[in-house]
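Enquirer:
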Amino acid sequence: MSELRGTLHYDVAIAGGGLVGASAARALAERGLKVALFERRYCGAQASGVNYGGVRCQGRPEEQLPLAMRARRVWDRLPALIGIDGEFIPSGHLRLARRESDLEPLDAWAAMAANYGLTSTVIRGAEFRRRFPWLGEGAVGGSLCMSDGHANPRLVSPAFARAARALGADVRERTPITSVAHDGVRFQLTAQPEQGETLHVSCDWLLNTAGAWANHIAGTFGERVPMHAIYPNMWVTEPLPKFVGHSLGVYGGGVYARQVERGNCVIGGGRGTGDGEYAQPSADTTRAVMREACALLPALRNALLIRTWSGVEGETPDDNPVIGMSRTTARLVHAFGFSGGGFLLAPGVGEVLADLVTHGETITPIDAFAVDRFAHRPHSACVTQQHS
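Residue numbers (UniProt numbering): 1 to 388.
Written out as structure tokens, the structure is:
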């Protein structure tokens, strides 16, 4: 098929300007490829920019740990890669046990993670009370991973996009991809800026990093997966005297919390509401989870909440992302469906995607994240908005 006159050609086009897409664009541009990144709103404005901000290896399933460990190393290099540290603080992550029976699986996870070079220490009894006097009776012990921490997602995601542009990537915000096809040789895309004429684009590689909307591209090439939209529920308090020593999670889920340098406590838990396109926090959920948070952190009992928010993320049935080569179309690569746990992983995923494009393979095990692993599952309804 001949290309239209005026078609823009790239080695790689990326659909979706979240942290995964932006980090891939930066890595590919650094390797000398001609890259275009298309984002229908602003880079980092979706899940990548409104999440909790946890940079956490602890508690992940074993199949994610090699990728998580690779990604964690990237976080230490943020100033060199994107020009800022993103307010990344390796505060340690304390995964709390609500009951004595939760401590045994924390022990088992620590033993498994040690095989991947990750150290976490389970603390209980009198030592736990001595070390964490600011915790309430709602916790009886916990597992501490000191290499984990937290960062500011509102800073990190846009900074990767700026770094990609500085390396020569063509980053186009407010420019949704409106159609995509493969002509037997290359991918042919159209994109529509909010202002200006329709763009006609051809590319040798296409990266599908469109988050909760990625099934539009996956489905175009016969690889729709059973993913649905979720809406994490979060809020932040007024500044308080510093008392939270680590980023906190709970075995079995339910609530997570951290305190920033200014003293504000960022807290999350449960789900907000949404229509697949936009999200909003739930007041009922916030009240219910805040009661649980106060049982763990008594100092929150009289704190004022100053802002609540949510975002749109894609969740898969096994809570693992889809990462890797398409099974139907050469040079199509997927990376989406991070199920609320993608903030740590994304910079490492960007490097993995660059590996796949430049070498056809990666040393990081990603077989567990294959797009066709759901082939025998019924596909649930998914959001139906634009591609990126």
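Virtual Cβ for every residue (Gly too), placed ideally from N, Cα, C.
These numbers were taken from a predicted model, which means no experiment stands behind them.
Just verifying my parser: in three-state terms, what is the DSSP assignment at His334?
Expert: Locating residue 334 in the sequence shown gives position 334, counting from the first residue. Strand at His334.
Enquirer: Please state whether DSSP places Gln385 in a helix, a strand or coil.
Expert: Your numbering for residue 385 matches position 385 in the sequence shown. Confidence is the limiting factor: at Gln385 the pLDDT is only 37, short of 50, which leaves the residue's position unreliable, though a coordinate-based value still follows. Reduced to three states, the DSSP call for Gln385 is coil.
Enquirer: To which residues of the same chain is Phe374 closer than 8 Å at the C-beta, ignoring the five residues directly before and after it?
Expert: Working through the sequence shown from its first residue, we reach residue 374 at position 374. Excluding positions up to five away in sequence, the list reads Val225, Pro226, Thr316, Pro317.
Enquirer: Report the residue from Leu106, His334, Ala368, Val371 whose alpha carbon sits nearest the alpha carbon of Cys145.
Expert: Counted from its first residue, the sequence shown places residue 145 at position 145. The candidate whose alpha carbon is nearest that of Cys145 is Leu106.
Enquirer: Which residues in the same chain as Asp372 place their Cβ atom closer than 8 Å to its Cβ, once the five residues preceding and following it in sequence are excluded?
Expert: What you label residue 372 is simply residue 372 of the sequence shown in a count that begins at 1. Answer for Asp372: Glu223, Arg327, listed in chain order.
Enquirer: Measuring alpha carbon to alpha carbon, tell me which residue in Gly276, Phe369, Asn233 is nearest Thr286.
Expert: Against the sequence shown, residue 286 aligns to sequence position 286. When only C-alpha atoms are compared, the closest one is Asn233.
Enquirer: Whole angstroms is fine: what's the gap from Val236's alpha carbon to Ala13's?
Expert: Within the sequence shown, residue 236 is the residue found at index 236, counting from 1. Within the sequence shown, residue 13 is the residue found at index 13, counting from 1. Approximately 37 Å, taken between the alpha carbons.
Enquirer: Mind checking Pro241: buried by the 16 CB within 10 Å criterion, or exposed?
Expert: As a first step, residue 241 is located in the sequence shown; it is residue number 241 there, counting from the start. Counting Cβ neighbours within 10 Å, Pro241 comes out exposed, since fewer than 16 surround it.
Enquirer: Gly44 and Leu19 look like a contact to me (Cβ under 8 Å); what is the Cβ gap, rounded to whole Å?
Expert: Indexing the sequence shown from 1 puts residue 44 at position 44. Indexing the sequence shown from 1 puts residue 19 at position 19. So it is a contact: roughly 7 Å between Cβ atoms.
Enquirer: Quick check: the stretch 84–95 against the stretch 143–159, are there 3 or more CB pairs under 8 Å?
Expert: The answer is yes - the stretch 143–159 touches the stretch 84–95, with three or more Cβ pairs under 8 Å.
Enquirer: Helix, strand or coil: which one does DSSP assign to Ile82?
Expert: The residue you call residue 82 lines up with position 82 of the sequence shown. Residue state, collapsed to three classes: helix.
Enquirer: Helix or strand or just coil, what does DSSP make of His379?
Expert: As a first step, residue 379 must be located in the sequence shown, where it is residue number 379. For His379, the pLDDT reaches just 46, beneath the cut-off of 50, and the residue's location in the model is therefore unreliable, although a value from the coordinates is still provided. Note: His379 maps to coil in three-state DSSP.
Enquirer: Just to check my reading of the structure: Pro47 and Gly211 have Cβ atoms closer than 8 Å, yes? What is that Cβ distance to the nearest angstrom?
Expert: As a working mapping, residue 47 is identified with position 47 in the sequence shown. As a working mapping, residue 211 is identified with position 211 in the sequence shown. The amino acid at residue 47 is misidentified as Pro; the sequence shows Ala. Correct: roughly 6 Å between the Cβ atoms.
Enquirer: Would a C-beta distance cut-off of 8 Å place Ala229 and Gly269 closer than the cut-off?
Expert: In the sequence shown, counting from the first residue as 1, residue 229 sits at position 229. In the sequence shown, counting from the first residue as 1, residue 269 sits at position 269. Their beta carbons are not under 8 Å apart, which means Ala229 does not touch Gly269 by this criterion.
Enquirer: Which value, in whole angstroms, describes the spacing of the CA atoms of Leu207 and Ile323?
Expert: Within the sequence shown, residue 207 is the residue found at index 207, counting from 1. Within the sequence shown, residue 323 is the residue found at index 323, counting from 1. If you take the alpha carbons of Leu207 and Ile323, they lie about 10 Å apart.
Enquirer: Would you decide whether Tyr278 is buried or exposed? Buried here means 16 or more other CB atoms lie within 10 Å of its CB.
Expert: Taking the sequence shown and counting its residues from 1, one reaches residue 278 at position 278. The residue is exposed, with fewer than 16 neighbouring Cβ atoms inside 10 Å.
Enquirer: Is the stretch 255–264 in contact with the stretch 108–123, if contact means three or more CB pairs nearer than 8 Å?
Expert: Contact fails: fewer than three Cβ-Cβ distances are below 8 Å.
Enquirer: So, using beta-carbon positions, are Pro281 and Ser247 closer together than 8 Å?
Expert: Along the sequence shown, one-based indexing puts residue 281 at 281. Along the sequence shown, one-based indexing puts residue 247 at 247. Cβ atoms of Pro281 and Ser247: not closer than 8 Å.
Enquirer: Under the rule that 16 or more other beta-carbon atoms within 10 Å means buried, what is residue 447, buried or exposed?
Expert: The structure shown has nothing for residue 447, since the chain only spans 1 to 388.
Enquirer: When DSSP builds the beta bridges, which residues end up paired with Phe38?
Expert: In the sequence shown, counting from the first residue as 1, residue 38 sits at position 38. Phe38 pairs with Ala15, Arg172.
Enquirer: Asp367: buried (16+ other C-beta within 10 angstroms of its C-beta) or exposed?
Expert: Mapped onto the sequence shown, residue 367 falls at position 367. Result: exposed.
Enquirer: Say whether chain B places a C-beta atom closer than 8 Å to the C-beta of Val12.
Expert: Reference to chain B is not applicable here, since this structure consists of a single protein chain.
Enquirer: In chain order, what residues of the same chain lie with their CB nearer than 6 Å to the CB of Ala163, ignoring the 5 residues before and after it?
Expert: Stepping through the sequence shown from its first residue, residue 163 is reached at position 163. Cβ neighbours of Ala163 beyond the five flanking positions: Arg26, Ile82.
Enquirer: Ala72 and Leu305: beta carbons closer than 8 Å?
Expert: Here residue 72 refers to the residue found at position 72 when the sequence shown is read from its first residue. Here residue 305 refers to the residue found at position 305 when the sequence shown is read from its first residue. With the sequence shown as reference, residue 72 is identified as Arg, and Ala is not the correct amino acid for it. No, they are not a contact pair.
Enquirer: Tell me where the beta strand (DSSP E) around Asp204 begins and ends.
Expert: Within the sequence shown, numbered from 1, the residue matching residue 204 stands at position 204. It spans 199–208 - the beta strand (DSSP E) in which Asp204 sits, taken as one unbroken run.
Enquirer: Going by other Cβ atoms of all chains shown within 10 Å of its Cβ, with 16 needed for buried, is Val244 buried or exposed?
Expert: The residue given as residue 244 occupies position 244 in the sequence shown. With 16 or more Cβ atoms within 10 Å of its Cβ, Val244 is classed as buried.
Enquirer: Looking at the unbroken alpha helix (DSSP H) that takes in Asn215, where does it start and where does it end?
Expert: Residue numbering aside, residue 215 sits at position 215 when the sequence shown is read from its first letter. From DSSP, the alpha helix (DSSP H) with Asn215 extends over 215–220.
Enquirer: Candidates Phe221, Arg174, Arg307: which alpha carbon is nearest Asp183's?
Expert: Taking the sequence shown and counting its residues from 1, the one referred to as residue 183 is at position 183. It is Phe221.
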